[in-house]
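**Student:** To convert, count from 1 in the sequence shown and add 82; that's my numbering. We treat Cβ as the ideally placed atom computed from N, Cα and C, and that holds for glycine. Sharing a structure with you now.
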Amino acid sequence: MFGRSTAHFDRVVRAYAAELFRFALWLARDRHRAEDILQEALTRAWRNWSHVKDEGARRGWLYAIVRNEFYRDSGRAKREQAEDVDDETLAQVADERDFTRGLELRQILERLPAPFMEPLVLQNLGGLSCEEVAQVLGVSTGAAMTRISRARSALRELLCKAGEDSFAVRKETMP
Numbered sequence: 083m084f085g086r087s088t089a090h091f092d093r094v095v096r097a098y099a100a101e102l103f104r105f106a107l108w109l110a111r112d113r114h115r116a117e118d119i120l121q122e123a124l125t126r127a128w129r130n131w132s133h134v135k136d137e138g139a140r141r142g143w144l145y146a147i148v149r150n151e152f153y154r155d156s157g158r159a160k161r162e163q164a165e166d167v168d169d170e171t172l173a174q175v176a177d178e179r180d181f182t183r184g185l186e187l188r189q190i191l192e193r194l195p196a197p198f199m200e201p202l203v204l205q206n207l208g209g210l211s212c213e214e215v216a217q218v219l220g221v222s223t224g225a226a227m228t229r230i231s232r233a234r235s236a237l238r239e240l241l242c243k244a245g246e247d248s249f250a251v252r253k254e255t256m257p
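Set out below in structure tokens:
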């Protein structure tokens with residue numbers, strides 16, 4: 083039984099390791115700290131592996147452990163105080179223009195209120211379903227859906243404003 087449990091844990095961790103690391107990096111903003119957070123989170127997951135019986139819940143459960151470990155590591159009392167970053171966007175850029183757009187997007191995302199930022203990034207960066215986002219955040223599915231919807235609306239407004247500001251700057255600098 084122990085050998086099968088270890089092999090199963092290894093398979094599941096390998097399947098989700100890259101996305102869990104991206105999430106830890108997004109939270110921590112530092113590669114070394116993200117590695118430490120993920121390592122500690124996986125140690126905690128291993129200790130409690132037998133407690134999760136529902137195979138479909140393991141992914142969200144692992145995300146929740148990474149998130150909780152980040153807050154534990156940060157020494158923050160309130161989960162809503164996290165500052166969020168979309169590092170996946172920055173990792174995928176290839177040329178200078180895309181890199182600049184990535185930095186602008188990162189700055190815009192940082193302006194979203196924390197309760198909206200986290201579910202939006204969990205869904206878009208992590209690819210979690212609304213049910214999994216709800217599980218990670220410890221809220222109902224309806225509350226998670228509401229937060230995601232409000233986050234998208236707020237992000238649209240910020241992007242429109244950023245586009246207007248960018249246009250105004252370009253217009254002012256043209257001869």
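Can you say whether Ala97 is buried or exposed, counting buried as having 16 or more other CB atoms within 10 angstroms of its CB?
**Tutor:** Flag for Ala97 reads exposed.
**Student:** Restricting to Cα atoms, I'd like to know which of Arg141, Phe198, Tyr145 is closest to Leu120.
**Tutor:** Ranking Arg141, Phe198, Tyr145 by Cα distance to Leu120 puts Tyr145 first.
**Student:** Between Gly220 and Pro195, what straight-line distance do the alpha-carbon atoms span, to the nearest angstrom?
**Tutor:** Going by the C-alpha atoms only, they are around 18 Å apart.
**Student:** First and last residue of the alpha helix (DSSP H) that includes Leu120?
**Tutor:** Per DSSP, Leu120 belongs to the alpha helix (DSSP H) from 113-129.
**Student:** CA-CA distance, Arg126 and Glu117?
**Tutor:** Rounded to the nearest angstrom, the two C-alpha atoms are 14 Å apart.
**Student:** Reducing DSSP to helix, strand and coil, say where Pro195 ends up.
**Tutor:** In the structure shown, Pro195 sits in coil (DSSP, three-state: anything other than H, G, I, E or B).
**Student:** To the nearest angstrom, report how far apart Gly224 and Asn206 are at their CA atoms.
**Tutor:** Cα-Cα distance, rounded: 17 Å.
**Student:** Residue range of the alpha helix (DSSP H) that Asp92 falls in?
**Tutor:** 84-110 is the span of the alpha helix (DSSP H), which, as asked, contains Asp92.
**Student:** Does Glu200 pass the burial test, meaning 16 or more other C-beta atoms within 10 Å, or should it be called exposed?
**Tutor:** Under this definition Glu200 is a buried residue.
**Student:** In the DSSP assignment, the alpha helix (DSSP H) including Gly142 goes from what residue to what residue?
**Tutor:** Segment 140-156, the alpha helix (DSSP H) holding Gly142.
**Student:** In or out: Ser138 buried (at least 16 other Cβ within 10 Å) or exposed?
**Tutor:** Per the sequence presented here, residue 138 reads as Gly, with Ser not at that position. With fewer than 16 Cβ atoms within 10 Å of its Cβ, Gly138 is classed as exposed.
**Student:** Taking 9 Å as the CB-CB limit, is Ser231 close to chain B?
**Tutor:** Looking for chain B here will not work: only one protein chain is present.
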